[in-house]
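For reference, each letter of the sequence shown is one residue, going -35 to -1, 1 to 522 in mature numbering (1 follows the signal peptide of the UniProt record, and there is no 0). Ideal placement from N, C-alpha and C gives every residue a C-beta, glycine not left out.
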Amino acid sequence: MTMPRCLSGPHAGPLLTRRAALRLAGASLASGFLAAPYVARATGTAATARQTHWRNGNPFSLGVAAGEPSVDGFVLWTRLAPEPIGTDPQKPGGMDPHAGDIEIAYEIAADPDFRDIHRSGKAIAEAAYAHSVHLELAGLAANRPYWYRFASGDAVSRAGRAVTAPLPGTPLDRLKIAVASCSNYERGYFSAYRHLTDEQPDLVLFLGDYIYEKVLAPGKALRPHSHGAVAADLHGYRDRYAQYRLDEDLQRLHAELPMLITLDDHEVQNDYAGEWSETFDPPARFLERRAAGFQAFYEHMPVRPSRARPQGPDMRIYERFSFGDLAEITMLDGRQYRDREACYGPPDRGGGHLVTDASCPERLDLSRSILGATQERWLHDGIAAAARQGTTRWNLFGQDVLMAQFRQPQPAPEHGFAFSTDRWDGYPGSRARFMQQLHATALRNPVVLSGDIHSFWANDLHLDAGNPASPLVASEFVGTSITSPGPDYRALTAWLPANPQVKFFDSRKRGYMAIEITRDSLTAHFRTISDVTDPKASLSTLRSFVIENGRLGTMSV
Ligand code: FE
Ligand code: CA
């Protein structure tokens, strides 16, 4: 384990024993909350109070989470769910929505044992959002950790840890981020999440497929999804998030580490694109499903209500975050606004499929977009602004799907190559515009981080994706999956000679990426777990790649 020097202020000491401290904080509830406000306890009727208030279980069963650090705050999450899964759909989490919003208490402390309370107050668990809490804090000190917890009646949540970001331009020597994607509960245990948390990075980037809406065939799942039912409505999606969040490895990750998060397809439906479903649902009907998927996502994630609270089927997730003078992280949304998959059509071409230039010229239409016009403009404006300022050393882009070109030779050479319509290869115009903007602005040290494909990749991104002789513009690292099985290793490896931009590929292991950023370099460690079916799986490092400041391209170390 390495100790972060960044994102920690004068109170950095306790970081050394952060986990132990969190455990202590969760166990010792002697201070703060339990002293004054709960009079029932003082009158010797604690049992009655507990019964009266939460007779049906622990309302904080799904834990706590922090996300989206700013220089003076963050967003804190929890949800009241005494009966977290399998309840009456009319009573999500065992709560009656007709009971209305519920006021709960929060405390923010400078120390993990809550001796030095910086702030306390009330937060609202909103009935319309399954009694979830999204508390946006401001006015805190920059670049330091805080500890927080919630209370309601006689119940106190586990303690969590949040951080504020350094002020823009503040010299920062080091930032450690972990990158995760694709955690299918049915496919294995969340050992990768456990090891990721043990590394204690400053920040977690989640790049999509946090849940899987689908179900495996009966008997095929290591841990079956709730009721064996496909999640397709609000109740189904809520049940799915609750089931995942009851996993202690994932719940601890959220309590200890702040997260930036974007989505991919499985939060709603496999391979959907904008309003276009894999199953050819009428767009209006599919958007109702998307609205349900987005709402359940929102109800379970530490995202800012001021930006990300869904409006029907729309939810603004893309955003940029800065960490002193060292890094800016732009999180993109590659699903919600994308054009229909190229050559979409019944009976069998709803989701991603392989097409050649001859079979599907539509793919090459440069006006098609994976981000949508509004997000593309926002992205390109942000790149121009960051390049003009020139003060941020590393510019990271977290997004859902493989950005580098990957062409699959066809059995008959005259058929050329096939491309997947579901990745950036399906939207080459968007990719060309992005590369052009990075190249034209000479943005410092751009690095793309991607998920979705359940395998590790280190790629060169060229100005012209199809021409490795064109200028090198950026690097791409793709993490593997937390549990989801990877694509065919032998097949893809056989196609690597046709793809010189791919410097490394391996789909055989599950895990995550640990990325260490300093002023001189960015190093991506490809971490792997020994066995996804073993709840006690061990951790290894498959490979590490480094990018040196000011030098395009990645090197194996
Ligand atoms: Fe996935
Ligand atoms: Ca995906």
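Span of the beta strand (DSSP E) holding Ala74? On the sequence shown, position 109 is the one that residue 74 refers to. First-last of the beta strand (DSSP E) with Ala74: Ile67 to Ala74.
Test item: CB-CB of Asp365 and Asp417 under 7 angstroms: As a working mapping, residue 365 is identified with position 400 in the sequence shown. As a working mapping, residue 417 is identified with position 452 in the sequence shown. In contact: Asp365 and Asp417 (Cβ atoms closer than 7 angstroms).
Residue from Glu91, Pro136 and Pro462 whose Cα sits closest to the Cα of Ala292: Within the sequence shown, the letter at position 327 stands for residue 292. Looking at the Cα atoms, Pro136 is the closest of the given residues.
When you compare only the Cα positions, how much space is there between Asp387 and Thr129? Within the sequence shown, the letter at position 422 stands for residue 387. Within the sequence shown, the letter at position 164 stands for residue 129. Distance from the CA of Asp387 to the CA of Thr129, rounded to the nearest whole angstrom, comes to 36 angstroms.
Proximity below 7 angstroms, CB of Arg333 to CB of Asp298: Mapped onto the sequence shown, residue 333 falls at position 368. Mapped onto the sequence shown, residue 298 falls at position 333. Result no, Cβ atoms of Arg333 and Asp298 do not sit closer than 7 angstroms.
According to DSSP, is Met60 helix, strand or coil? What you label residue 60 is simply residue 95 of the sequence shown in a count that begins at 1. In the displayed model, Met60 falls within coil according to three-state DSSP, outside both helix and strand.
Start and end residues, beta strand (DSSP E) containing Glu293: Within the sequence shown, the letter at position 328 stands for residue 293. Ala292 to Met296 is the extent of the beta strand (DSSP E) around Glu293.
Assigned exposure category for Gly65 - 16 Cβ within 10 Å defines buried: The residue you call residue 65 lines up with position 100 of the sequence shown. The residue in question, Gly65, is exposed, as its Cβ has fewer than 16 Cβ neighbours within 10 Å.
Report whether the distance from the Cβ of Asp390 to the nearest heavy atom of ligand 2 is below 6 angstroms. Taking the sequence shown and counting its residues from 1, the one referred to as residue 390 is at position 425. Not under cutoff, so the answer is no.
Taking Cβ positions, are Ile226 and Phe171 nearer each other than 7 angstroms? Start at 1 with the first residue of the sequence shown, and residue 226 comes out as number 261. Start at 1 with the first residue of the sequence shown, and residue 171 comes out as number 206. Their beta carbons are under 7 angstroms apart, which means Ile226 touches Phe171 by this criterion.
Give a yes or no on contact between the stretch 28 to 38 and the stretch 262 to 277, applying the rule of three or more CB pairs nearer than 8 angstroms. yes
Would you say the beta carbon of Ser385 is closer than 6 angstroms to some non-hydrogen atom of ligand 1? For this step, residue 385 is matched to residue 420 along the sequence shown. Not under cutoff, so the answer is no.
Distance between beta carbons of Tyr150 and Pro208, contact taken as under 8 angstroms: Translated into positions along the sequence shown, residue 208 becomes position 243. Translated into positions along the sequence shown, residue 150 becomes position 185. A quick correction: the sequence has Gln, not Pro, at residue 208. That belief holds up - the Cβ atoms of Gln208 and Tyr150 are roughly 6 angstroms apart, short of 8 angstroms.
Hey, out of Leu408, Leu41, Pro436 and Tyr175, whose CA is closest to Ala70's CA? Counting from 1 along the sequence shown, the entry for residue 70 is found at position 105. Considering only alpha carbons, the answer is Leu41.
Kindly list the residues whose CB is nearer than 6 angstroms to the CB of Asn424, restricted to its own chain and excluding five residues on each side of it in sequence; keep chain order. The residue you call residue 424 lines up with position 459 of the sequence shown. The residues are Ala369, Glu441, Gln466 and Val467.
Near ligand 2: Asp298 beta-carbon under 6 angstroms from a heavy atom: For this step, residue 298 is matched to residue 333 along the sequence shown. Incorrect: Asp298 has no Cβ contact closer than 6 angstroms to ligand 2.
Within this structure, are the beta carbons of Ala107 and Pro131 separated by less than 7 angstroms? Position 142 of the sequence shown, counted from the start, is the residue given in the question as residue 107. Position 166 of the sequence shown, counted from the start, is the residue given in the question as residue 131. By the CB criterion at 7 angstroms, Ala107 and Pro131 fall inside the cutoff.
Beta-carbon contacts of Asp284 that lie in its chain and below 6 angstroms, excluding the five residues immediately before and after: Taking the sequence shown and counting its residues from 1, the one referred to as residue 284 is at position 319. The displayed chain sequence assigns Glu, not Asp, to residue 284. Hits under 6 angstroms: Met296.
From Ala88 to Pro24, what does the alpha carbon distance come to, in whole angstroms? Your numbering for residue 88 matches position 123 in the sequence shown. Your numbering for residue 24 matches position 59 in the sequence shown. Their backbone Cα atoms lie some 15 angstroms apart in a straight line.
Relative to the alpha-carbon of Gly104, which residue among Arg84, Gly239, Gly118 and Thr244 has its alpha-carbon at the smallest distance? In the sequence shown, counting from the first residue as 1, residue 104 sits at position 139. Ranking the options by Cα distance to Gly104, first place goes to Arg84.
So, Asp229 versus Gly173, is the Cβ gap smaller than 7 angstroms? The count along the sequence shown starts at 1 and reaches residue 229 at position 264. The count along the sequence shown starts at 1 and reaches residue 173 at position 208. Yes, the pair counts as a contact, with Cβ atoms nearer than the cut-off.
Give the secondary structure of His200 by DSSP, where H, G and I count as helix, E and B as strand, and everything else as coil. Locating residue 200 in the sequence shown gives position 235, where the first residue counts as 1. Here His200 sits in helix by DSSP.
Go through the residues and name those whose CB comes closer than 5 angstroms to any heavy atom of ligand 1, in chain order. Cys147, Asp174 and Ser449
For the alpha helix (DSSP H) holding Arg217, just list the boundary residues, first then last. Reading the sequence shown from its first residue, position 252 is the one you call residue 217. Glu213 to Glu221 is the span of the alpha helix (DSSP H), which, as asked, contains Arg217.
What would DSSP say about Phe245, mapped onto helix, strand or coil? Locating residue 245 in the sequence shown gives position 280, where the first residue counts as 1. In the structure shown, Phe245 sits in coil (DSSP, three-state: anything other than H, G, I, E or B).
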